[in-house]
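Just so we're aligned, residue 1 is where the sequence shown starts under this note's numbering, counting upward by one.
Below is one structure, written out as structure tokens, with a few remarks after it.
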Amino acid sequence: MAAVRLRLRPNDDSFYEFFTKAAENIVRGTELLTELAMPKADVQSVSERLVEVEHDNDALTHELYNRINSSFVTPFDREDIYQLGSQLDDVVDHLEAVGSLLYLYGLTSLPSLPREMHEMVAILDQQARLTAKSLPGLKAMKGLKDYWVECNRLENEGDRAYRMLLVRLFSGEYDALTVMKMKEVADELEAACDAFEHVSNTVETIAVKES
1 MAAVRLRLRP NDDSFYEFFT KAAENIVRGT ELLTELAMPK ADVQSVSERL VEVEHDNDAL
61 THELYNRINS SFVTPFDRED IYQLGSQLDD VVDHLEAVGS LLYLYGLTSL PSLPREMHEM
121 VAILDQQARL TAKSLPGLKA MKGLKDYWVE CNRLENEGDR AYRMLLVRLF SGEYDALTVM
181 KMKEVADELE AACDAFEHVS NTVETIAVKE S
């Protein structure tokens with residue numbers, strides 16, 4: 001007789017829908033960062049919209065936690081669901097911080113932002129789109145390896161751009177106060193790149209457990 005694999009996990013789509021919505025919300029955030037880096041951008045408007053994105057993601061995260069707490073059985077380990085939801089929220093927090101700092105510090109009034117800062121924003125946008133494309137694969141647990149491998153590669157690119165940005169900041173091109181302000185923004189950009197990698201690492205952990 002052919003072996004029959006019993007399904008012990010519930011077929012509850014609400015958790016997968018949360019992860020998909022959160023990832024799509026992150027894409028909104030990186031799109032706004034890209035807009036913020038453009039010349040003559042309405043910095044205040046973009047920064048305010050980033051705050052809205054962050055608030056939307058907070059609401060999604062609270063919804064996820066409530067769902068976990070009210071579910072007798074979850075599609076995979078509760079701890080992993082909590083961790084993935086929290087890490088997605090961390091990404092948005094860092095994106096919102098970048099927008100707020102650029103606006104509050106008036107950095108977009110400079111003739112131009114450093115090229116390496118634009119590179120980091122572009123890498124974040126790639127990570128966001130990759131995450132949004134890949135997270136729906138959690139339901140079938142298929143095709144996810146390429147995601148975490150590519151996300152790791154992009155994080156390495158982000159680290160390289162971050163190091164080169166620091167080199168430029170401390171080259172004497174900018175005054176000391178501007179360097180201090182830009183360093184804070186650079187740190188948030190780098191933290192966002194790392195946060196995407198943390199998401200992909202958790203996805204890898206879940207995939208291995210469920211395989």
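Glycine included, each C-beta is placed from N, C-alpha and C at the ideal position.
Here the structure is a predicted model, which is why all the values come from computation and not from measurement.
Please report the straight-line C-alpha distance between residue i and residue j, rounded to a whole angstrom.
| i | j | result |
| --- | --- | --- |
| V4 | S211 | Reliability of the predicted coordinates at V4 is poor, the pLDDT of 41 falling under 50, and the value obtained from them is presented with this limitation in mind. Roughly 16 Å between the two C-alpha positions. |
| T30 | S47 | 12 Å |
| R78 | R67 | 11 Å |
| G143 | V203 | 11 Å |
| R163 | D80 | 32 Å |
| D42 | V121 | 17 Å |
| Y82 | N69 | 10 Å |
If residue i sits next to residue j, beta carbons under 8 Å apart, how far is it from one beta carbon to the other, in whole angstroms?
| i | j | result |
| --- | --- | --- |
| A263 | H94 | This structure cannot settle anything about residue 263, because the visible part of the chain is limited to 1 through 211. |
| T131 | I26 | 7 Å |
| L33 | G99 | 6 Å |
| A23 | N57 | Not confirmed; about 10 Å, so no contact. |
What does a CB cutoff of less than 6 Å around residue i pick up in its chain, not counting 5 residues either side in sequence?
| i | result |
| --- | --- |
| F15 | P75 |
| E157 | I123 |
| L110 | none |
| P136 | T20 |
For the alpha helix (DSSP H) holding residue i, just list the boundary residues, first then last.
| i | result |
| --- | --- |
| L138 | Unbroken run through L138: none, as it is neither H nor E. |
| K21 | D13 to L36 |
| Y82 | R78 to L104 |
| S200 | A176 to E210 |
| G172 | Taken as a continuous stretch (DSSP letters only), G172 belongs to no alpha helix (DSSP H), as it is neither H nor E. |
| V43 | V43 to S70 |
Could you pull out every residue in the same chain whose Cβ sits closer than 8 Å to the Cβ of residue i, ignoring the five residues on either side in sequence?
| i | result |
| --- | --- |
| H198 | Q87 and D90 |
| V185 | V98, L101, L102, Y105, L107 and M117 |
| N201 | W148 |
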